[in-house]
Amino acid sequence: MQHLDEGVIHSWLDGALSAEEVARVKAHVDECAQCAAAVAEARGFVAASSRILTALDNVPKGVVPEVARAKPRNWAVWRAAAAVLVVALGSLAVLSERMTTRGSVADTAPMSAVSKANASAPDQSATDTARPEPSRAVVAAPRVVMTKPAATAPAANSPRAAAKIANQGTVSGVNESLSAAVSPPLVVTADVGRERQDNAAPRSAGSVQTALSGRVAGAVLPSRAYGIGETQAARGALSDPASAPTSIRVVDTPRVIGEKRTLYEVAPGDTVLLAEQLHMQLDTVVVRGTAATRVDTSTARQIRLRGATSMPTAADTQQKQAATSPPAAAVAAAPAPLAQTPNGITTIRWTDPATGNVMRLSGRHSAAELLEIRRRIEQQRTAEAAAKKKP
Amino acid sequence: MTDVERLFRTYNAALVRYLTRRLGDRDWAEEVAQETFVRALRQTSIQNERAWLFAVATNLVRDEARKDMRRRKHLALLAEEERDTIVEPEETTLERAQEAAMARKAVDGLAERDRLALLMREEGLDYNEIAEALELSPGSVGTTLSRARRRLVESYEALQKSREEREKNAAS
């Protein structure tokens, strides 16, 4: 009988032969010493190659830090973000007198937030903020102050930002403070830093736009209602094809240095943040990082007032939600996340084939859910692009 | 394909490992794997999921233009983020690092088809699946694998030998 082909031996060892062929090979190997040796050698190759390939797994992960892990200084900046946010909420001077009485029950948290904001202000040097810092995405909220040269830039964001400031300021300020704290998604634009007009470069809107990203909404303000039941509902909406048509809504497009951010609401109260890194020439932007963290005493007072009223309200909401929600264990564990922070926010990353920009999508979802959200966002974007083409 | 959760849970780990071994870059591997799942979402039906996923992932890697673009982006990203690197790489002994480098060299020395077939086999794909993913005839998979394994091991052993000789010379 002809000796066994090496390919046949490997097929046999890999269990890829039919029963008939297996019997034939076995019978031959039993009789032929040469083929028995070849089989032994093949076994060695199978085992050794497997071992060699395992060595390839020794790739140090973390060459590109996906999401900054919680660092002490992050919290300082988070608090600064909260402070800037609260300044926005209370920036209407009309309200300050009205709120004085309610403010007497002041929570200490906003106070510390203010002091932290002041303390951390000098750290944010212009050069520091000028550099795109994807890994600091978590701390991005407070640092964003940029404008393009007014002459060239369409400044599409700025008028919108200004409008938002007016709108949201009115809603959250004049109307009941409850509405701002309860109604999802919590997106706030802050108008701070007008006092820093000493820079000669033109400022398109003269405003600082700070927005709560999905991460902020979920992670920083635990008082923000991210109840388990709600999250589950959102997950259900994602995984259930019947309810899939729930459209993804753009809630905000905060612009930050080096990337374009879009805050999507995928389900009521459930937001995700899409960050698109942009190619930027540093000389095309004017950075005003220091302006963002300056808080004068009058606004600081408002912070206290606003903080005292809005924060406990949100906490109450959370308590109520917690009471009516199923236990946390009921939520399915997320699959191996691509990047997950300790606060449960997962980030997926990809490169947009059309633009070559690096995209990041973050939210309180499993990676698989984020993939599905990504697909829906892409679908929506494609549809919008098509709609624009056909006026 | 609505069952993305199941698809992801079932195949993500194997796919990322396959791609990491193929590319030598975990982050890149995860990105390609993710792109693969997104494409799977767009499909109405997939006959053999595993073969389909590995084939698409392989094609994505093969797309040279995209690869180059990604490399550039990756390098740019690295440069930007270098100063902020706070995730510390796992501790690696020198020996393990050397083994990894030799393994990478040996794997890179294989013909593309041999390499892919071998990496897919390591992830548990059967001969039919490998044949489907790589557009081979099922009958030739055994030959491809036997050749790939032999060459990989021989090449690795040669690298090992030359390293030992270098160390011996350095010591004497």
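Those protein sequence lines, which keep their order, are chains B and F. Sequential numbering of the first sequence, starting at 2, is according to this note's numbering. Sequential numbering of the second sequence, starting at 4, is according to this note's numbering. Yeah, the Cβ is synthetic: ideal placement off N, Cα and C, and Gly gets one too.
Continuous beta strand (DSSP E) stretch holding Ala-268 of chain B: start and end: Here residue 268 of chain B corresponds to residue number 267 of the first sequence, with the count starting at 1. From DSSP, the beta strand (DSSP E) with Ala-268 of chain B extends over 260-268.
If you draw a straight line from the C-alpha of Arg-25 of chain B to the C-alpha of His-4 of chain B, how long is it? By 1-based counting over the first sequence, the position of residue 25 of chain B is 24. By 1-based counting over the first sequence, the position of residue 4 of chain B is 3. If you draw a straight line from the Cα of Arg-25 of chain B to the Cα of His-4 of chain B, it is about 12 Å long.
If distances are taken between C-alpha atoms only, which option among F:Arg-29, F:Glu-34, F:Ala-60 comes closest to Trp-351 of chain B? Position 350 of the first sequence, counted from the start, is the residue given in the question as residue 351 of chain B. Of the candidates F:Arg-29, F:Glu-34, F:Ala-60, the one whose C-alpha sits nearest the C-alpha of Trp-351 of chain B is F:Glu-34.
Can you find a C-beta in chain F that's less than 8 Å from the C-beta of His-11 of chain B? Translated into the one-based positions of the first sequence, residue 11 of chain B becomes position 10. With 8 Å as the cut-off, His-11 of chain B counts as an interface residue toward chain F.
Give the straight-line distance between the Cα atoms of Arg-377 of chain B and Ile-249 of chain B, rounded to the nearest whole angstrom. Position 376 of the first sequence, counted from the start, is the residue given in the question as residue 377 of chain B. Position 248 of the first sequence, counted from the start, is the residue given in the question as residue 249 of chain B. Cα to Cα, the separation comes out at about 7 Å.
Can you tell me the Cα-Cα spacing of Lys-158 of chain F and Val-47 of chain B, whole angstroms? Position 155 of the second sequence, counting from 1, holds the residue named residue 158 of chain F. Position 46 of the first sequence, counting from 1, holds the residue named residue 47 of chain B. The residue you asked about is not Lys; residue 158 of chain F is Ser in the sequence shown. Spanning the two alpha carbons is a distance of roughly 14 Å.
Residues of chain F with CB under 9 Å from Gly-8 of chain B, in chain order? The residue you call residue 8 of chain B lines up with position 7 of the first sequence. The contacting residues are Gly-142, Ser-143, Val-144, Gly-145, Thr-146, Thr-147, Leu-148, Ser-149, Arg-150.
What is the rounded straight-line gap between the Cα of Ile-258 of chain B and the Cα of Ala-384 of chain B? On the first sequence, residue 258 of chain B is found 257 positions in, with the first residue counted as 1. On the first sequence, residue 384 of chain B is found 383 positions in, with the first residue counted as 1. Ile-258 of chain B and Ala-384 of chain B have their alpha carbons spaced roughly 27 Å apart.
Quick one: measure Cβ to Cβ for Glu-373 of chain B and Leu-148 of chain F, integer angstroms, because I've assumed they're closer than 8 Å. Within the first sequence, residue 373 of chain B is the residue found at index 372, counting from 1. Within the second sequence, residue 148 of chain F is the residue found at index 145, counting from 1. Contact flag wrong, Cβ pair sits at about 36 Å.
Which residue's Cα is closest to the Cα of Leu-56 of chain F: F:Ala-136, F:Ser-175, F:Arg-169, F:Glu-125? Mapped onto the second sequence, residue 56 of chain F falls at position 53. Of the candidates F:Ala-136, F:Ser-175, F:Arg-169, F:Glu-125, the one whose C-alpha sits nearest the C-alpha of Leu-56 of chain F is F:Ala-136.
Exposed or buried, which one is Asn-15 of chain F when buried takes at least 16 other CB atoms within 10 Å? Sequence index remark: in the second sequence, residue 15 of chain F carries index 12 (1-based). Asn-15 of chain F comes out buried.
Can the beta-carbon of His-366 of chain B be found less than 8 Å from the beta-carbon of Thr-348 of chain B? Reading the first sequence from its first residue, position 365 is the one you call residue 366 of chain B. Reading the first sequence from its first residue, position 347 is the one you call residue 348 of chain B. Their beta carbons are not under 8 Å apart, which means His-366 of chain B does not touch Thr-348 of chain B by this criterion.
Helix, strand or coil at Arg-361 of chain B [DSSP, three-state]: Here the question's residue 361 of chain B lines up with position 360 in the first sequence. Here Arg-361 of chain B sits in strand by DSSP.
Could you tell me which chain F residues have their CB closer than 8 Å to the CB of Leu-372 of chain B, listed as they occur along the chain? Here residue 372 of chain B corresponds to residue number 371 of the first sequence, with the count starting at 1. What Leu-372 of chain B touches in chain F, judged by beta-carbon distance under 8 Å, is Val-7, Phe-11, Gln-37, Phe-40, Val-41, Leu-44, going in chain order.
According to the neighbour-count rule (16 or more other Cβ atoms, all chains shown, within 10 Å of its Cβ), is Arg-44 of chain B buried or exposed? Mapped onto the first sequence, residue 44 of chain B falls at position 43. Looking at its Cβ environment, which holds fewer than 16 other Cβ atoms inside 10 Å, Arg-44 of chain B is exposed.
Please return the same chain residues whose Cβ sits closer than 6 Å to the Cβ of Glu-91 of chain F, not counting the five positions on each side in sequence. Taking the first residue of the second sequence as 1, we reach residue 91 of chain F at position 88. A caution first: Glu-91 of chain F carries a pLDDT of 47, below 50, which makes its placement in the model too unreliable to give a value.
Give, in chain order, every residue of the segment 99-125 of chain F whose Cβ lies closer than 8 Å to some Cβ of chain B. Those residues of the segment 99-125 of chain F that come within reach of chain B (Cβ to Cβ, closer than 8 Å) are Arg-99, Ala-100, Glu-102, Ala-103, Met-105, Ala-106, Arg-107, Ala-109, Val-110, Leu-121, Leu-122, Arg-124, Glu-125.
Check the Cβ-Cβ distances between Val-479 of chain B and every residue of chain F, and say whether any is below 8 Å. The displayed coordinates of chain B run from 2 to 392. Any statement about residue 479 of chain B would go beyond what the structure contains.
Taking only three categories from DSSP, how would you classify Leu-162 of chain F? Along the second sequence, read from residue 1 onward, the residue named residue 162 of chain F stands at position 159. Three-state result, Leu-162 of chain F: helix.
By alpha-carbon positions, which one of F:Thr-23, F:Arg-42, F:Arg-25 ends up nearest to Phe-11 of chain F? The count along the second sequence starts at 1 and reaches residue 11 of chain F at position 8. Here the closest residue by C-alpha is F:Arg-42.
What residues in its chain sit with their C-beta under 6 Å from that of Val-7 of chain F, if we drop five residues either side in the sequence? Start at 1 with the first residue of the second sequence, and residue 7 of chain F comes out as number 4. The beta carbon of Val-7 of chain F sits closer than 6 Å to the beta carbons of Leu-44 from its chain, once the five residues preceding and following it are set aside; these are given in chain order.
Quick one: list the residues of chain F neighbouring Ser-51 of chain B, beta-carbon separation under 7 Å, in chain order. Here residue 51 of chain B refers to the residue found at position 50 of the first sequence. Listed along the chain, the chain F residues whose CB falls inside 7 Å of the CB of Ser-51 of chain B are Glu-125.
So Arg-350 of chain B contacts chain F; which residues on that side make the cut at Cβ distance below 8 Å? Numbered from 1 along the first sequence, position 349 holds the residue referred to as residue 350 of chain B. Simply Asp-30, Glu-33, Glu-34, Gln-37.
Cβ separation of Ala-151 of chain F and Arg-118 of chain F, assumed to be a contact under 8 Å, to the nearest whole Å: Within the second sequence, residue 151 of chain F is the residue found at index 148, counting from 1. Within the second sequence, residue 118 of chain F is the residue found at index 115, counting from 1. Contact between Ala-151 of chain F and Arg-118 of chain F holds, since their C-beta atoms are separated by about 7 Å, short of 8 Å.
I need the straight-line Cα distance from Glu-370 of chain B to Arg-9 of chain F, nearest angstrom please. Locating residue 370 of chain B in the first sequence gives position 369, where the first residue counts as 1. Locating residue 9 of chain F in the second sequence gives position 6, where the first residue counts as 1. Going from the Cα of Glu-370 of chain B to the Cα of Arg-9 of chain F covers about 11 Å.
In angstroms with no decimal places, state the Cα-to-Cα distance between Trp-79 of chain B and Glu-277 of chain B. Mapped onto the first sequence, residue 79 of chain B falls at position 78. Mapped onto the first sequence, residue 277 of chain B falls at position 276. Roughly 22 Å separates the two Cα atoms.
Taking the continuous alpha helix (DSSP H) assigned at Asp-30 of chain F, which residues delimit it? Numbered from 1 along the second sequence, position 27 holds the residue referred to as residue 30 of chain F. Judged by DSSP secondary structure, Asp-30 of chain F falls within the alpha helix (DSSP H) whose first and last residues are 29-45.
With a threshold of 8 Å between beta-carbons, can Glu-344 of chain B be considered close to chain F, or not? By one-based count along the first sequence, residue 344 of chain B stands at place 343. According to the sequence displayed, residue 344 of chain B carries Asn and not Glu. It does not; no Cβ of chain F falls within 8 Å.
Look up Thr-272 of chain B in the DSSP assignment and give the residues it is bridged to. If you number the first sequence from 1, residue 272 of chain B lands on position 271. Answer by DSSP bridge pairing, in chain order: B:Glu-266.
Straight-line gap, Glu-138 of chain F to Glu-115 of chain F (C-alpha atoms, nearest Å): To locate residue 138 of chain F, count along the second sequence from 1; it is residue 135. To locate residue 115 of chain F, count along the second sequence from 1; it is residue 112. Their Cα atoms are separated by approximately 13 Å.
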